[in-house]
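Numbering (this note's numbering), first residue to last: 254 to 478. Just so you know, even glycine gets a beta-carbon here, dropped at the ideal spot from N, CA and C. Note sheet for the following structure.
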Amino acid sequence: SAGDTTVSTAMDHSQAQLPSMDQLVERLAQRLAQQPDNLDGWMMLGRSYLAMGRMQDAINAYGQAYKLAPGNVEILLAYAQSLGMAQGNRLQGQPSQLIAQAEKISPEDPNVLWLSGVTSFEQADYPSALAKWEKVLAALEPGSDDAAEVSTAIEDARSRLGLGHEKALPSLGAGTQTQATTATSPAPRPEAVIPGAISFRVRLAAELQAKVLPSDRIFIYARAH
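Take a look at the structure:
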């Protein structure tokens, strides 16, 4: 009907005016040029660039956040991981130094322990990797996907030590709902161990899109099952 056509045309016109992801990110970058002390903004920009595959831009954004808060564990890990991904998914050099800083600040944080274990694994220090990953495993919910993946990494480290699989894996303690990361085999790799890393895309209903500004925050809650 004519009425339906009018509504459809109006919706098409409204959607046509919506900014693209690139435009929203560019606006955020422009704002941060005027507000260089906006720590949350730099972290958001880093995550956005990472999702877009703009690795060097993500590194630069996380680097700005690091300059503002060099003692922030979340920033240390994010910066280290982006640097590691840019150098072939390895943590040697500056990434491992940043992780070491995070470990001094929060030595019992499962996310820190996981990445610190990865650096030990890369250096063939398998006893150290095992010790750290066993602590991570103890903090996870028994039977969860994260626990299974950390167990796989532990098995790999054990096999490298010649322990084989005849020894029982560490018992699963009372798990805490941590933002644990995942492991791969035969060797853990940084891109699979981003703390709390979950790939997703957020889409807003058409009636809400016109009301959202680039500065608005969206909170995503995830919990292990």
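Practice problem: Consult DSSP for A322 and reduce its assignment to one of helix, strand or coil. | Solution: As a working mapping, residue 322 is identified with position 69 in the sequence shown. Three-state result, A322: coil.
Practice problem: Measure the alpha-carbon distance for D275 versus L366 and round it to whole angstroms. | Solution: Sequence index remark: in the sequence shown, residue 275 carries index 22 (1-based). Sequence index remark: in the sequence shown, residue 366 carries index 113 (1-based). The alpha-carbon atoms of D275 and L366 are separated by roughly 35 Å.
Quiz item: Taking the runs of the alpha helix (DSSP H) that are 4 residues or longer, which of them lie wholly in the segment 277-331?
Solution: 292-305 and 308-321
Self-check item: Cβ neighbour criterion (16 or more within 10 Å) applied to Q334
Solution: Locating residue 334 in the sequence shown gives position 81, counting from the first residue. Buried, since its Cβ has 16 or more Cβ neighbours within 10 Å.
Quiz item: Should E356 and S373 be called a contact, given that it needs their Cβ atoms to be closer than 7 Å?
Solution: By 1-based counting over the sequence shown, the position of residue 356 is 103. By 1-based counting over the sequence shown, the position of residue 373 is 120. Taking 7 Å as the Cβ cut-off, E356 and S373 do not qualify as a contacting pair.
Quiz item: Between D399 and W386, what straight-line distance do the alpha-carbon atoms span, to the nearest angstrom?
Solution: Within the sequence shown, residue 399 is the residue found at index 146, counting from 1. Within the sequence shown, residue 386 is the residue found at index 133, counting from 1. Rounded to whole angstroms, D399 to W386 spans 12 Å at the Cα level.
Quiz item: By Cβ distance below 6 Å, which residues in the same chain neighbour S301 in space, the five residues on each side in sequence not counted?
Solution: As a working note, residue 301 is residue 48 in the sequence shown. Closer than 6 Å at Cβ, skipping near neighbours: V278.
Self-check item: Start and end residues, alpha helix (DSSP H) containing G370
Solution: As a first step, residue 370 is located in the sequence shown; it is residue number 117 there, counting from the start. P363 to E375 is the span of the alpha helix (DSSP H), which, as asked, contains G370.
Quiz prompt | Secondary structure of P395, DSSP reduced to three states | solution = Translated into the one-based positions of the sequence shown, residue 395 becomes position 142. Three-state DSSP puts P395 in coil, outside helix and strand.
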